[in-house]
Amino acid sequence: MWKDAVELGIACFVGMRGATDEVLRERLASLGVEPWLAERLVTWLPVAYGRVLLKDVPFGDHYSAGDAQLRLSDDPVYVAARERAGRGTRDEMEAIALRSADVDAVNAYLRRCDEEGRTADLTSIRVHTALVDRLPELGTGDGGVAEPRDALRGFVEGHGFATLPDGMGIDAFVYPRVSADRFSLQVDYAVFDPRLAVSPLLESFGGVGATYRDAIGDTVKKLERGSVHVIIAGLLDQTSCEEQVEWETWPHPGGPIRVCLGGQLRLYGDGAPPMGPLLDRLRDALAGVALSPTIHALRVFTMRMGDRVYADEVLLDGQPWAEGLALVGAYAWPHVEHVWGTRLFALLDARR
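Take 21 as the starting number for the sequence shown in our numbering and just add one per residue.
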């Protein structure tokens with residue numbers, strides 16, 4: 021837990037580079053983050069990134085907060101921040117680590133050594149992390165940062181699969197984008213399964229909303245309407261989700277393919293026509309693709325307005341499929357004078 025909250029905090033530091041701590045707290049609060057969690061993100065991320073940057077300095081686990089001596093490892097938000105900082109990018113380091121008071125202290129030591137003509141030895145110095153006051157007590161719940169993997173797990177368990185088959189796993193990865201006046205995110209819902217041609221299978225959805233919870237909820241609705249029932253029926257129980265999926269058999273030179281089709285997801289307003297004729301053309305084109313005897317994923321997406329194409333995408337096992345993309349581009353889409361989009365997801369069982 022807390023890794024999604026940490027990603028949101030990182031996005032605030034990077035997207036609002038140079039903002040004061042108070043401005044960052046206010047921005048997190050505007051996204052629905054509870055004060056006790058916002059305070060921890062603004063406090064601990066610079067500490068965690070600073071310690072990664074200063075890898076040669078022998079930091080201890082203790083820190084002071086007012087008159088109290090506490091352990092960093094007792095705060096789960098710090099632990100999550102420290103783990104993520106170990107994979108930090110250069111851009112993140114510049115935006116976050118350089119705000120750390122510990123980094124300031126080490127830089128002051130290096131300047132003194134330079135002025136005095138001494139050789140600096142980072143392994144011999146002691147830097148103690150100190151906060152003016154104790155942080156608020158840890159709250160209960162998610163602190164306003166809902167974790168989408170819980171929703172995915174809930175869908176699966178709700179269909180009777182509290183335990184997954186050996187080798188199968190599910191997760192979700194959140195990529196927030198934050199500025200002073202804009203917020204959006206993308207969630208990659210991930211399924212790990214050795215039966216898949218490419219594992220993990222990633223179903224990606226953009227999310228918008230006034231708060232973080234609203235934006236996550238937006239992706240959960242799209243997942244429910246477009247993908248999760250295909251995943252459950254295609255990988256767990258072919259007899260489940262009968263009202264949400266459709267099974268077809270497609271011919272293929274390597275042998276017939278069992279295809280689990282989800283519902284067509286219509287996005288951004290009316291305008292998307294049924295995709296049946298396009299799906300038939302994609303089915304015929306797949307006959308020319310050598311498919312391994314595994315389970316393959318097919319995703320089709322388009323976003324348009326009038327004659328303008330905002331996005332065309334056809335992914336086969338997570339990779340662009342050029343022939344499929346050409347078919348989407350040549351399809352007789354309607355001329356609608358507002359933004360509209362549509363999306364379809366399917367699993368293709370080519371096992372013999």
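In this text, a Cβ means the ideal position worked out from N, Cα and C, and glycines have one as well.
* **Range covered by the beta strand (DSSP E) that runs through Gly189** => For Gly189, the uninterrupted beta strand (DSSP E) run begins and ends at Gly189 to Val198, by DSSP.
* Consult DSSP for Pro96 and reduce its assignment to one of helix, strand or coil. => Three-state DSSP puts Pro96 in a helix.
* **Cβ shell of Thr269 (< 8 Å), same chain only, five flanking positions each side left out** => Excluding positions up to five away in sequence, the list reads Pro276, Ile277, Arg278 and Val279.
* When the Cα of Ala350 is compared with those of Leu205, Arg301, Leu364 and Arg319, which residue comes out closest? -> Closest option to Ala350, Cα to Cα, is Arg301.
* Flag this pair as touching only if the segment 301 to 316 and the segment 363 to 372 have three or more C-beta atom pairs under 8 Å; answer yes or no. => A contact exists between the segment 301 to 316 and the segment 363 to 372.
* Among Asp41, Thr139 and Lys241, which has the Cα closest to the Cα of Gly226? -> Nearest of Asp41, Thr139 and Lys241 to Gly226, Cα basis: Lys241.
* To do: Give the single residue among Tyr129, Ala128 and Val72 whose Cα lies nearest to the Cα of Thr109.
  => The shortest C-alpha separation from Thr109 is found at Val72.
* Asked: To which residues of the same chain is Val228 closer than 7 Å at the C-beta, ignoring the five residues directly before and after it?
  -> Setting aside the 5 residues that flank it on each side, Val228 is surrounded in the same chain by Ser204, Ala235 and Asp238, each with a C-beta closer than 7 Å to its C-beta; the list follows chain order.
* **Residue environment, Glu223, which counts as buried when at least 16 other CB atoms sit within 10 Å** => So Glu223 counts as buried.
* **Assigned exposure category for His249 - 16 Cβ within 10 Å defines buried** => His249 is classed as buried because its beta carbon has at least 16 other beta carbons within 10 Å across all chains shown.
* Could you give the DSSP three-state label for Cys280: helix, strand or coil? => Cys280: strand per DSSP, three-state reduction.
* **the segment 120 to 137 in contact with the segment 50 to 61 per 3-pair CB rule at 8 Å** => Taking 8 Å as the limit for Cβ pairs, the verdict is that the segment 50 to 61 does not touch the segment 120 to 137.
* Please determine, among Pro354, Asp337 and Asp201, the residue with the shortest C-alpha to C-alpha distance to Arg328. => Arg328 has its Cα closest to that of Pro354, out of Pro354, Asp337 and Asp201.
* Asked: Are Val67 and Thr149 touching if we call contact CB-CB under 7 Å?
  -> Contact: yes.
* **Chain-order list of residues whose beta-carbon lies under 6 Å from that of Ala210 (same chain, five-residue window excluded)** => Closer than 6 Å at the Cβ level, and outside the excluded window around Ala210, lie Asp191, Pro220 and Leu222.
* So, are the CB atoms of Glu27 and Pro196 less than 7 Å apart? -> Yes; because the gap between Cβ atoms is below 7 Å, this pair is in contact.
* Indicate whether the contact test is met: 3 or more Cβ pairs, each with one atom in the segment 319 to 334 and one in the segment 288 to 303, closer than 8 Å. => Because the criterion of three Cβ pairs below 8 Å is met, the segment 319 to 334 and the segment 288 to 303 touch.
* To do: Would you kindly check if the distance between the Cβ of Gly338 and the Cβ of Gly282 is under 7 Å?
  => No; because the gap between Cβ atoms is not below 7 Å, this pair is not in contact.
* Asked: Which partner residues does Gly178 have in the DSSP bridge list?
  -> As far as DSSP is concerned, Gly178 takes part in no beta bridge.
* Using CA coordinates, which residue listed in Pro340, Glu333, Ala352 and Ala346 is at the minimum distance from Gly326? -> Answer by Cα proximity: Ala352.
* Any idea if Asp94 is buried or exposed, counting beta-carbon neighbours within 10 angstroms, 16 or more meaning buried? -> Under the 10 Å beta carbon count, Asp94 is surrounded by fewer than 16 other beta carbons and is classified as exposed.
* Check Arg45 in the structure and name its three-state DSSP category. => Three-state DSSP puts Arg45 in a helix.
* **Backbone CA spacing between Pro55 and Ala366 [nearest angstrom]** => One Cα belongs to Pro55, the other to Ala366, and the distance between them is close to 42 Å.
* **Inter-residue Cα distance where the pair is Ala166 and Ala342** => Computed Cα separation, rounded: 37 Å.
* Would you call Arg37 buried or exposed, if buried means 16 or more other Cβ atoms sit within 10 Å of its Cβ? -> By the 16-neighbour rule on beta-carbons within 10 angstroms, Arg37 is exposed.
* What number of angstroms, rounded off, separates the C-alpha of Pro293 from the C-alpha of Ala31? -> Whole-angstrom Cα-Cα distance: 37 Å.
* Straight-line gap, Arg363 to Met295 (C-alpha atoms, nearest Å) -> Straight-line Cα distance between these residues: approximately 9 Å.
* **Reference Leu255; option with closest CA among His179, Glu46, Gly308 and Asp24** => The shortest C-alpha separation from Leu255 is found at His179.
* In its own chain, which residues sit with a C-beta less than 7 Å from the C-beta of Val265, not counting the 5 before and 5 after it? -> For Val265, same chain residues with a beta-carbon under 7 Å away, outside a window of 5 residues either side, are His249, Val250, Ala253, Cys280, Leu281 and Gly282 in chain order.
* Asked: In angstroms, rounded to a whole number, what distance separates the CA positions of Pro297 and Gly308?
  -> Cα-Cα distance, rounded: 18 Å.
* To do: Measuring alpha carbon to alpha carbon, tell me which of Ile145, Gly189 and Gly163 ends up nearest Leu172.
  => It is Gly189 whose Cα lies nearest to the Cα of Leu172.
* Asked: Of the residues Thr183, Thr63 and Val97, which one's Cα is nearest the Cα of Asp41?
  -> Restricting attention to Thr183, Thr63 and Val97, the CA atom closest to the CA of Asp41 is found in Thr63.
* Arg154 beta carbon less than 7 Å from that of Ala101 -> Arg154 is positioned such that its CB atom lies no closer than 7 Å to that of Ala101.
* With Tyr330 as the anchor, note down where its beta strand (DSSP E) starts and where it stops. => That run of the beta strand (DSSP E) goes Arg328 to Leu336.
* Asked: So what does DSSP say about His82, is it helix, strand or coil?
  -> Three-state DSSP puts His82 in a strand.
* For Asp369: DSSP bridge partner residues -> Answer is Arg278 and Ile315, bridged to Asp369.
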